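I have placed the structure first, in the form of structure tokens, so that the comments after it can refer back to it.
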Amino acid sequence: MSPPKRWRDRLAGYPHLPSVKPIPEALRARRGEGTIATPSPAEVEAAMRDVPEGRLATVFGIGEDIAARHQASIGCTVTTAIFARMVAHAVEESAGSKGTARDAAVPWWRTLKNGGELNANYPGGIEAQMSRLEAEGHTVVQRGKRYFVEDFAKKLAGTR
0 MSPPKRWRDR
10 LAGYPHLPSV
20 KPIPEALRAR
30 RGEGTIATPS
40 PAEVEAAMRD
50 VPEGRLATVF
60 GIGEDIAARH
70 QASIGCTVTT
80 AIFARMVAHA
90 VEESAGSKGT
100 ARDAAVPWWR
110 TLKNGGELNA
120 NYPGGIEAQM
130 SRLEAEGHTV
140 VQRGKRYFVE
150 DFAKKLAGTR
């Protein structure tokens, strides 16, 4: 059996992206007519890298910014979220094996789910993301079983 692929190798497996296509029929009822931009992993990684300390981004905001760059009506938040998770794991994987300076410069913990929610699918789960956010001065609150950054909308970087 072959060894599992490294996260960085997985990110390289999408040479057909980015793409802009008509919004799928199933999504038109909620989002209307127009086009949808599906980002490349490199675009998502670059957006995550650009979030400065003290600021935050959301998967939705990153997707919409990428859509605007491609002159599309909307961004694919599902693909953006998947690639954000993959980038986070690639960065941590590289850090554990003396990764590149490029990897160290991607503050994945500053990218939140929509509504300012922490992402349990990031490396180390909620606890790791919460620890890094609190170290940067953010307040994390629990609502039911989920965790959110308090007043996250006031702290958004250049993304929406």
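Once you know that position 32 of the sequence shown is 31 in numbering that gives the first Met the number 0, the rest is easy, because the numbers rise by one and skip nothing.
Note that the Cβ used here is the ideal one computed from N, Cα and C, for glycine as well.
Small disclaimer: the values here were computed from a predicted structure and weren't measured.
By the 10 Å Cβ neighbour count, where 16 or more other Cβ atoms means buried, how is residue i classified, buried or exposed?
{"i": "residue 19", "result": "exposed"}
{"i": "residue 84", "result": "buried"}
{"i": "residue 142", "result": "exposed"}
{"i": "residue 15", "result": "exposed"}
{"i": "residue 164", "result": "As displayed, the chain neither begins before 0 nor continues past 159, which places residue 164 out of reach and without an answer."}
Considering Cα atoms alone, identify which of the options is closest to residue i.
{"i": "residue 156", "options": "17, 48 and 36", "result": "48"}
{"i": "residue 60", "options": "121, 141, 114 and 106", "result": "114"}
{"i": "residue 65", "options": "92, 105, 152 and 39", "result": "39"}
{"i": "residue 68", "options": "106, 130, 146 and 17", "result": "17"}
{"i": "residue 107", "options": "119, 123 and 87", "result": "87"}
Pop quiz: residue i and residue j are said to be a contact at Cβ under 8 Å. What is the actual Cβ separation, rounded to whole angstroms?
{"i": "residue 46", "j": "residue 56", "result": "7 Å"}
{"i": "residue 34", "j": "residue 21", "result": "6 Å"}
{"i": "residue 73", "j": "residue 30", "result": "6 Å"}
Within 8 Å, do at least three Cβ pairs link the stretch 133–146 to the stretch 80–88?
No, the stretch 80–88 does not touch the stretch 133–146.
Which parts of the stretch 73–150 are runs of the alpha helix (DSSP H), unbroken and 4 residues or longer, counting only runs that do not cross its ends?
Qualifying alpha helix (DSSP H) stretches, in chain order: 76–95, 100–103 and 124–134.
Going residue by residue through the stretch 3–32, where are the continuous beta strand (DSSP E) segments of at least 3 residues, counting only ones entirely within it?
18–21
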